[in-house]
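Residue numbers (this note's numbering): 18 to 271. Think of the CB as a built atom: it goes at the ideal place given N, C-alpha and C, for glycine as much as any other residue. Treat the numbers as computed from the prediction; the structure is a model and nothing was measured. Remarks on the structure that follows.
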Amino acid sequence: MSEEKLRQEITDICHLVYRKGYVASTDGNVSVRLYDGNVMCTPTRCNKGFVKPSDLVVIDMHGNKVRGERKQSSEMAMHLQIYRMRPEIQAVVHAHPAAATAFAAAGLPLNKALISEVVLAVGCIPLAQYGTPGTPELTEELRPYISGHDALLMSNHGVVTYGKTLEDAFNLMDTVEHFAKISIYTKILGRERLLSPDDVEKLWVQRQKYFGLDESEAQRKDPLCPMTDGVSETISLTRGELIDLIERVVSNIK
Ligand code: 13P
């Protein structure tokens, strides 16, 4: 894809990230790897709802600006670390979607096998420890998780996702946020019925077929973030319990 088309694609994804409410104000940053080995990224302190193709900045793999009027995002060390460790990755999206960031602020990973499509798409979403934004501290905390995952929660900060295309990276952000909302709803309901280890195993096999992954990619499992699966819990509620649960959900959603 030409640089011009990539500029437009980054801009479109930034507008989408903003419209979906995954960032507020000047939060977040987006980048793609260019064919010449450089990286094109959003400028620092720019609202993703209003960014234009001409605002984007090109940097080299050491973080030096190659071209562009504005200053590059302050989070480029994190993006470059991901590109260095994962040569197949072409795009990185960092945002602060409210539900997933709430997990990151509560100190909770999204590691429960609750929804088949989430296990299939992303598996466990680990929580990296806190590091000051824009400093090597943050990059160091993410490092242990980058090889084993395509989506990470960053403690007290936000989410970073990455993929072979910009759309893949955005889709993961969308999945993480949707899953975080569902996880919060199950907490409001007061019950979680986890998929069994056997079901999770079958999903890993499906994952390989669905995404056309080679075996090493499909079987990538990280001992730092094991998926919590379990034996199905039988749910049988009385009419009164059911009404009470619905009232709690409705009052929490309002
Ligand atoms: P930049 O404006 O420098 O990209 O930083 C935004 C952000 O979200 C930091 O985490």
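Report task. Report the residue ranges of all beta strand (DSSP E) runs contained in full by the segment 137-220; include only those spanning at least 3 residues, in chain order. Result -> Within the segment 137-220, the complete beta strand (DSSP E) runs of at least 3 residues are 168-171 and 175-180.
Query raised in the report: Who are Asn46's beta bridge partners in DSSP?
Result: His111
Requested in this report: Could you tell me if the beta carbon of Glu272 falls within a distance shorter than 7 Å of some heavy atom in the ligand 13P?
Outcome: Nothing about residue 272 can be read from this structure; the chain reaches only from 18 to 271.
**Report entry** DSSP-derived helix/strand/coil call for Gly54
**Finding:** Of the three classes helix, strand and coil, the one that applies to Gly54 here is coil, per DSSP.
Query - Under the three-state DSSP convention, the category Glu21 falls into - result: helix
**Report entry** For the ligand 13P, residues whose Cβ lies under 7 Å from any non-hydrogen atom
**Finding:** Thr43, Asp44, Gly45, Asn46, Thr59, Thr61, Arg62, Cys63, Ser90, Ser91, Glu92, His111, His113, Pro150, Gly151, His174 and Gly175
Query raised in the report: In the structure shown, what three-state DSSP assignment does Met102 receive?
Result: helix
Query raised in the report: Taking the continuous beta strand (DSSP E) assigned at Ile76, which residues delimit it?
Result: For Ile76, the enclosing beta strand (DSSP E) covers residues Val74 to Ile76.
Query raised in the report: Are the segment 125-139 and the segment 218-229 in contact at 8 Å, needing three or more beta carbon pairs?
Result: yes
Query - Proximity of Arg24 and Pro70 at Cβ, strictly below 8 Å - result: yes
Requested in this report: Answer with buried or exposed for Glu86, where buried requires no fewer than 16 other C-beta atoms within 10 angstroms of its C-beta.
Outcome: exposed
Requested in this report: Please name the residue, chosen from Ala94, Leu33, Val49 and Ala130, that lies closest to Gly247 on a Cα-to-Cα basis.
Outcome: Ala130
Requested in this report: Indicate the three-state DSSP secondary structure (helix, strand or coil) for Leu259 in the structure shown.
Outcome: It is helical.
Query raised in the report: Hey, how far is the Cα of Lys204 from the Cα of Glu184?
Result: 30 Å
Requested in this report: Tell me where the beta strand (DSSP E) around Arg84 begins and ends.
Outcome: Lys82 to Arg84
Requested in this report: Within its chain, find whatever has a CB closer than 7 Å to the CB of Val68; leave out the 5 residues flanking it on each side and keep chain order.
Outcome: Thr28, Cys31 and Thr59
Query raised in the report: DSSP beta-bridge partners for Leu127?
Result: BP columns for Leu127 point to Ile142.
Query raised in the report: To the nearest angstrom, how far is it from the Cα of Met95 to the Cα of Phe120?
Result: 20 Å
Query - Reference Pro104, options Leu211, Leu51, Lys22 and Asp215, closest by Cα - result: Leu51
Query raised in the report: For Gly180 versus Ala117, is the C-beta distance shorter than 8 Å?
Result: no
Query - Gly148 versus Ser172 - alpha carbon distance - result: 8 Å
Requested in this report: Pick helix, strand or coil for Pro243, following the three-state DSSP scheme.
Outcome: In this structure, DSSP gives Pro243 a state outside helix and strand, which the three-state scheme calls coil.
Query raised in the report: Taking just the CA atoms, how far does Ile142 sit from His111?
Result: 14 Å
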